[in-house]
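As you go down the protein sequences, you meet chains A and B in turn.
Quick note on the UniProt record's numbering: the first sequence kicks off at 1 and runs consecutively.
Quick note on the UniProt record's numbering: the second sequence kicks off at 1 and runs consecutively.
Glycine included, every Cβ here is placed at the ideal spot set by N, Cα and C.
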Amino acid sequence: MKETPLSNCERRFLLRAIEERKRLDGRQSYDYRNVRISFGADYGCCIVELGRTRVLGQVSCELVSPKLNRATEGLLFFNLELSPMAAPAFEPGRQSELLVKLNRLLERCLRNSKCIDTESLCVVAGVKVWQIRVDLHLLNHDGNIIDAASIAAIVALCHFHRPDVSVQGEEVTLYTPEERDPVPLSIHHMPICVSFAFFQQGTYLLVDPSEREERVMDGLLVIAMNKHREICTIQSSGGIMLLKDQVLRCSKITGVKVAEITELIQKALENDRKVRKEGGKFGFAESIPNQKISAFKMERAPVDTNDVEEQAEEIITKADPPSDVFAKPILRMPGTAQIGEGLENSWGDLEESEREEEEEGNSDDATTSEGQKMETEEINVVSKTKKEDDTIVLSDSEEEEVVILEPEERPKKTRTPTSAQQENSSSKKAFNKKRKKKRATP
Amino acid sequence: MAGLELLSDEGYRVDGRRAGELRKVRARMGVFAQADGSAYIEQGNTKALAVVYGPHEMRGSRSKALHDRALVNCQYSMATFSTGERKRRPHGDRKSSEMTLHLKQTFEAAILTQLYPRSQIDIYVQILQADGGNYCACVNAATLATIDAGIPMRDYVCASSAGFIEDTPLADLNYVEEAAGGPQVALALLPKSDQIALLEMNSRLHEDHLEQVIEAASKACKDVYAVLDQVVRDHVHEVTTLLGE
Numbered sequence: 001m002k003e004t005p006l007s008n009c010e011r012r013f014l015l016r017a018i019e020e021r022k023r024l025d026g027r028q029s030y031d032y033r034n035v036r037i038s039f040g041a042d043y044g045c046c047i048v049e050l051g052r053t054r055v056l057g058q059v060s061c062e063l064v065s066p067k068l069n070r071a072t073e074g075l076l077f078f079n080l081e082l083s084p085m086a087a088p089a090f091e092p093g094r095q096s097e098l099l100v101k102l103n104r105l106l107e108r109c110l111r112n113s114k115c116i117d118t119e120s121l122c123v124v125a126g127v128k129v130w131q132i133r134v135d136l137h138l139l140n141h142d143g144n145i146i147d148a149a150s151i152a153a154i155v156a157l158c159h160f161h162r163p164d165v166s167v168q169g170e171e172v173t174l175y176t177p178e179e180r181d182p183v184p185l186s187i188h189h190m191p192i193c194v195s196f197a198f199f200q201q202g203t204y205l206l207v208d209p210s211e212r213e214e215r216v217m218d219g220l221l222v223i224a225m226n227k228h229r230e231i232c233t234i235q236s237s238g239g240i241m242l243l244k245d246q247v248l249r250c251s252k253i254t255g256v257k258v259a260e261i262t263e264l265i266q267k268a269l270e271n272d273r274k275v276r277k278e279g280g281k282f283g284f285a286e287s288i289p290n291q292k293i294s295a296f297k298m299e300r301a302p303v304d305t306n307d308v309e310e311q312a313e314e315i316i317t318k319a320d321p322p323s324d325v326f327a328k329p330i331l332r333m334p335g336t337a338q339i340g341e342g343l344e345n346s347w348g349d350l351e352e353s354e355r356e357e358e359e360e361g362n363s364d365d366a367t368t369s370e371g372q373k374m375e376t377e378e379i380n381v382v383s384k385t386k387k388e389d390d391t392i393v394l395s396d397s398e399e400e401e402v403v404i405l406e407p408e409e410r411p412k413k414t415r416t417p418t419s420a421q422q423e424n425s426s427s428k429k430a431f432n433k434k435r436k437k438k439r440a441t442p
Numbered sequence: 001m002a003g004l005e006l007l008s009d010e011g012y013r014v015d016g017r018r019a020g021e022l023r024k025v026r027a028r029m030g031v032f033a034q035a036d037g038s039a040y041i042e043q044g045n046t047k048a049l050a051v052v053y054g055p056h057e058m059r060g061s062r063s064k065a066l067h068d069r070a071l072v073n074c075q076y077s078m079a080t081f082s083t084g085e086r087k088r089r090p091h092g093d094r095k096s097s098e099m100t101l102h103l104k105q106t107f108e109a110a111i112l113t114q115l116y117p118r119s120q121i122d123i124y125v126q127i128l129q130a131d132g133g134n135y136c137a138c139v140n141a142a143t144l145a146t147i148d149a150g151i152p153m154r155d156y157v158c159a160s161s162a163g164f165i166e167d168t169p170l171a172d173l174n175y176v177e178e179a180a181g182g183p184q185v186a187l188a189l190l191p192k193s194d195q196i197a198l199l200e201m202n203s204r205l206h207e208d209h210l211e212q213v214i215e216a217a218s219k220a221c222k223d224v225y226a227v228l229d230q231v232v233r234d235h236v237h238e239v240t241t242l243l244g245e
């Protein structure tokens, strides 16, 4: 399925909000969304939630023969899958650009930085080594897949325990988990990716962009770092032009963020270890929270809505009510009419606009006037009205009078919330018609 | 890594260069008569060939046409004989796709695509011999080819790689230095405005050294720019003399 395009007004809204340093979910420019890490029942399985972006990571291992030119090193494979369950735009099977980009970034971040000691994965040099596979699945896409995926990968690797092996001369014995406890992998450091989204040619910078922000961004910079402030990978993408100081500033921010996230990961791992040791319940079923709103529990909204009502009341009372419209259509000749004069744009009130709607519906077949210079796509509105206000008819016409269906008496304009929506929708139509009329009349 | 000294005590690298020295750059424009623009570049032992077609009408799916700019279509491929062992897949594997994306991104930023709405510019790059700095040679070759094709660009796009060994940044890494596994940075720069079109880094590097390495890479890019500029001027001079103007 093709991705629904983003409307222009939504794009403008997002960009304007970013210019005013506001984000849709109420975060600051450098804030991360909530990170939740939960572990499965088996070792090496975890789900990471970054806001609403969800990634599932699973590590598995196998004994294989090593590569010829690297006889003493184990093998590491990373694979990220974008399943259609994450977003309707992801189609199964086809390898898209995004997939290649994410996979390569993950590979470089985790493999080239040597976060896992591959030498320790060797069982018998040149004959048998461990092959570790990390499979990541994106379950829900709400922006910033790469961060969530990198956290999931490293957490799954830290959580994983491989079966114990012992070598006696030529004999290799593989113990099942019942015989001997599985052994964790030896991990040197934990690289975490942090994404920066750039807007307006690099003027504005946001950390951890959500899905909407990703759609309107100019470009992305991903910096992967570990808690010792060693940069593991930098990747700029999206065709933006960066300056050296921007990159350096981003790397400083990354240092701070990575320290926080690493602490969170350590705590989560510690908790899980404790729970397993004490024999408590663990696994996904325990960690998926009840999403219902109850008297005692409701998800905290990130935006502060405490005094919204007072603020809204203030704005409403301070604003002027819309002005009344004097509706006196001047009929110049069959097919054209003029309502109002000059540049003042008074959005009609409900009587006026409703009547115009009826007229347009009835006289859609009315011929366009040849005398006027009209744009062909505009619909003429014959304004023959039969209403309380005066109609100045400038020319004779023998067309039938238009029957108005349901000429309700609407109350005069007051600022009430109920009629506000109707006013808005119909006054928009009135505005458009007036615009067309103004363009039509010379 | 074992037994190979990448930077000797006297400050010489494996191939005898100094830390900030580039490899010898030889380039030629207008190699093919058929293509709109073409160029061949040799950076040390790395040889790259770039061919540019365009701007022309959208081939294939018209739906991909952008209403306000030109579409830049790149393809990066390595000849099967370019590496030590014969490469079985010249293009289509993940690494080549990644390089293609990076090339596309770099040139979309540099070419004035707004001048050619609803059209397509093709850039095809082929590595004939890979000896380190593949991406950088590609970018330099593609820059020359684009200039040869007469497509307007914001500025030259010059690329260079840099590494970091024993507290010294090295410029323009060759294959041996890349394979050693130390940190490497590939930088594509628009030299006059110092704007970074692409920044890519691999392996571990401490944050404090980042500035030094980027500086070294920028300087190397500016050196490449000086060479490329001279090549372009010589070529134009040659062509105009032949035309008798």
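DSSP places A:THR176 in the coil class of the three-state scheme, outside both helix and strand. It is roughly 17 angstroms from the alpha-carbon of B:HIS206 to the alpha-carbon of A:ARG111. Under the Cβ distance rule, B:GLN114 does not count among the residues neighbouring chain A, no pair being separated by less than 8 angstroms. Around the beta-carbon of B:THR80, fewer than 16 other beta-carbon atoms lie within 10 Å, marking it exposed.
In the assembly as shown, A:THR53 is a buried residue. Its beta-carbon has 16 or more other beta-carbons within 10 Å.
Runs of the beta strand (DSSP E) lying entirely within the segment 112-146 of chain B and spanning at least 3 residues, in chain order: 119-129.
A:ASN140 is bridged by DSSP to A:ARG54.
Setting aside the 5 residues that flank it on each side, B:HIS67 is surrounded in the same chain by PRO117 and ARG118, each with a C-beta closer than 7 angstroms to its C-beta; the list follows chain order. When CB distances to chain A are screened at a threshold of 8 angstroms, not a single residue of the segment 65-83 of chain B falls below it. By the neighbour-count definition (other C-beta atoms within 10 Å, threshold 16), B:PRO152 is an exposed residue. For A:GLN235, a Cβ of chain B is located within less than 8 angstroms of the residue's own Cβ. For A:PHE13, there is no enclosing beta strand (DSSP E); the residue is found in the alpha helix (DSSP H) stretching over 8-19. Not flagged as an interface residue toward chain B: A:MET190, since no C-beta distance is shorter than 8 angstroms. For the 8 angstroms CB-CB criterion, A:PHE282 and A:VAL275 form a contact. Counting of Cβ neighbours within 10 angstroms places B:ALA226 among the exposed residues, the total staying below 16. By the beta-carbon neighbour count (other beta carbons within 10 angstroms, threshold 16), A:PHE77 is exposed. Within the same chain, Cβ atoms closer than 6 angstroms to the Cβ of B:LEU112 are found at PRO152, the five residues on either side in sequence being excluded. If you draw a 10 Å sphere on the C-beta of B:TYR135, you find 16 or more other C-beta atoms in it, and that means buried. By the Cβ rule, the segment 166-178 of chain A does not count as touching the segment 191-201 of chain A, because fewer than three pairs are nearer than 8 angstroms. Here A:ILE132 is bridged, per DSSP, to A:CYS61 and A:LEU76. Residue-level contact check: A:CYS122 does not touch chain B, since none of the beta carbons of chain B fall below 8 angstroms from its beta carbon. Taking C-alpha positions only, A:ALA268 is separated from A:LEU99 by approximately 29 angstroms. Any Cβ of chain B closer than 8 angstroms to the Cβ of A:ARG215 would place that residue at the interface, and such an atom is absent.
Judged by pairs of C-beta atoms under 8 angstroms, the segment 213-226 of chain A does not touch the segment 33-51 of chain A, as fewer than three such pairs exist.
The segment 53-118 of chain B is shown to contain whole alpha helix (DSSP H) runs of 4 or more residues at 94-110, in chain order. Residue pairing by DSSP places B:GLY181 in no beta bridge whatsoever. Chain order gives no chain B residues near A:LYS318, where near means a beta carbon separation below 8 angstroms; the closest approach is about 41 angstroms. Using a 10 angstroms sphere on the CB of A:LEU102, the tally of other CB atoms reaches 16 or more, which defines it as buried. If you look at A:LEU264, you'll find it in the alpha helix (DSSP H) that goes 244-278.
The residue from A:SER186, A:ALA197, A:HIS161 and A:ILE187 with its alpha-carbon nearest to that of A:ARG180 is A:HIS161. Taking a C-beta cut-off of 7 angstroms against chain A, none of the residues of the segment 139-173 of chain B qualify. Non-local C-beta neighbours of A:VAL167 in its own chain, meaning closer than 7 angstroms and more than five positions away in sequence, comprise VAL123 and VAL124, ordered along the chain.
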